[in-house]
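First comes the structure, then the notes that go with it.
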Ligand code: CP
Ligand code: NVA
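Numbering (this note's numbering), first residue to last: 191 to 495.
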């Protein structure tokens, strides 16, 4: 049977709201200490070609809380297309583990891996998408605003992986997503969304419910840092910018943040900032994905031998 993968929000457009609702349920069950070991005996492989704090810890802790285990592999040990072809690694790991999460430099490597894997694959961040982050963001917005449909979110910064997944979330849930970025940093065109692009951060954030930003220089783009600092200088989220949004607007950032670049220290620490709720919600949102992809089917009660 072909496994279901979780590589982008857009590919699961019709199921995103369901996954967020499942995350709400799992979060409540966790708080009330009545989690069922839904992934008892299951093993998740974690492959990291890039550094991580939130993604690594939330997947490891989430699997433990669901009764499963993880095996963590560094990208330089596994060597996509250096030590071994992606297609061979995918078929070998599929014989050992029940699902694999991958953080990679190139989205095409995750797509290739998934096409050869016989177990579910989860995108833990690529150059093009960050769907697990965005699912947690949807949960966070729902908790703070009580709805997703009709929410106006202004993303201020680079049209990167986080921005693309937010645009796909908007299309999936009825949120209006505005993107404020300099010329040359637009999100890519996609069949999954039509991006509203603003060249003025002030115009984009006027009256919105949510202001969101991410680093100007993503992992793997470090050589472009000096150019990016100059190009994004007019796109910093400051208290003055936040005041242009709705009075009860929230501020979001996927973290890690570079205070003094894309956002000021004051905004990160202000009462409207929900960045640590977002970080916590990675755990609950990913548990919903893992259960969805890996849980034993309800009918699988027979004698395995
Ligand atoms: N937001 C996020 O993915 O954080 P890490 O890079 O620390 O995993
Ligand atoms: N856009 C950032 C997100 C980090 C979570 C990056 O890709 O480095």
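For glycine and all other residues, C-beta sits at the position ideal for the given N, C-alpha and C.
For this session: Could you say which of 416, 213, 194 and 196 lies nearest to residue 326 if we only look at CA atoms?
Result: 213
For this session: Can you check DSSP and say which residues form a bridge with residue 313?
Result: 292
Exercise. DSSP state of residue 425, grouped into three classes?
Worked result: helix
For this session: Sort 413, 398, 353 and 282 by Cα distance to residue 376 and report the nearest one.
Result: 353
For this session: Find the nearest neighbour of residue 469 within the set 307, 447 and 461, judged by alpha-carbon distance.
Result: 447
Exercise. Can you find a heavy atom of the ligand CP that lies under 7 Å from the Cβ of residue 444?
Worked result: yes
For this session: Could you check the C-alpha separation between residue 475 and residue 373 for me, to the nearest Å?
Result: 33 Å
Exercise. So the alpha helix (DSSP H) residue 451 belongs to, where does it begin and stop?
Worked result: Unbroken run through residue 451: none, as it is neither H nor E.
Exercise. Any heavy atom of the ligand CP closer than 7 Å to the CB of residue 243?
Worked result: yes
Exercise. Any heavy atom of the ligand CP within a distance shorter than 7 Å of the CB on residue 255?
Worked result: no
Exercise. Candidates 466, 382, 401 and 484: which alpha carbon is nearest residue 202's?
Worked result: 382
Exercise. What is the rounded straight-line gap between the Cα of residue 364 and the Cα of residue 345?
Worked result: 16 Å
Exercise. Given residue 449, which residues of its chain have a CB within under 7 Å of its CB, disregarding the five upstream and five downstream residues?
Worked result: 455 and 458
Exercise. Nearest to residue 341 by alpha carbon, out of 328, 351 and 473?
Worked result: 328
Exercise. Relative to the ligand ADP, is the shortest distance from any of its heavy atoms to the C-beta of residue 273 smaller than 7 Å?
Worked result: Of the ligands one can find in the structure shown, namely the ligand CP and the ligand NVA, none is the ligand ADP.
Exercise. If you compare alpha carbons, which of 232, 247 and 267 is closest to residue 285?
Worked result: 232
Exercise. Does the Cβ-Cβ distance between residue 437 and residue 308 come in under 8 Å?
Worked result: no
Exercise. Cβ of residue 356 versus every heavy atom of the ligand CP: is any distance shorter than 7 Å?
Worked result: no
Problem set entry | DSSP-derived helix/strand/coil call for residue 506 | In the structure as shown, the chain starts at 191 and stops at 495, and residue 506 therefore has no counterpart that could be examined.
Exercise. According to DSSP, is residue 494 helix, strand or coil?
Worked result: In this predicted model, residue 494 has a pLDDT of only 46, less than 50, meaning its place in the structure is not dependable; the value taken from the coordinates is given anyway. DSSP places residue 494 in coil when its eight states are reduced to three.
Problem set entry | residue 396 to residue 370 span [Cα, whole Å] | 12 Å
For this session: Can you say whether residue 320 is buried or exposed, counting buried as having 16 or more other CB atoms within 10 angstroms of its CB?
Result: buried
For this session: Return the CA-CA distance between residue 249 and residue 330, expressed in angstroms with no decimal places.
Result: 18 Å
Exercise. Which residue's Cα is closest to the Cα of residue 235: 453, 337, 253 and 339?
Worked result: 253
Exercise. Quick check: the region 288-306 against the region 424-442, are there 3 or more CB pairs under 8 Å?
Worked result: no
Exercise. Would the C-beta of residue 251 count as close to the ligand NVA, meaning under 7 Å from any of its heavy atoms?
Worked result: no
Exercise. In chain order, what residues of the same chain lie with their CB nearer than 6 Å to the CB of residue 261, ignoring the 5 residues before and after it?
Worked result: 235
For this session: May I ask you to report which of helix, strand or coil DSSP gives residue 237?
Result: strand
Problem set entry | Nearest-angstrom Cα separation, counted from residue 204 out to residue 490 | Bear in mind that a pLDDT of 47 at residue 490, under 50, signals an unreliable position, so the model cannot answer this.
Exercise. Considering only C-alpha positions, which residue in the set 287, 339 and 313 is nearest to residue 245?
Worked result: 313
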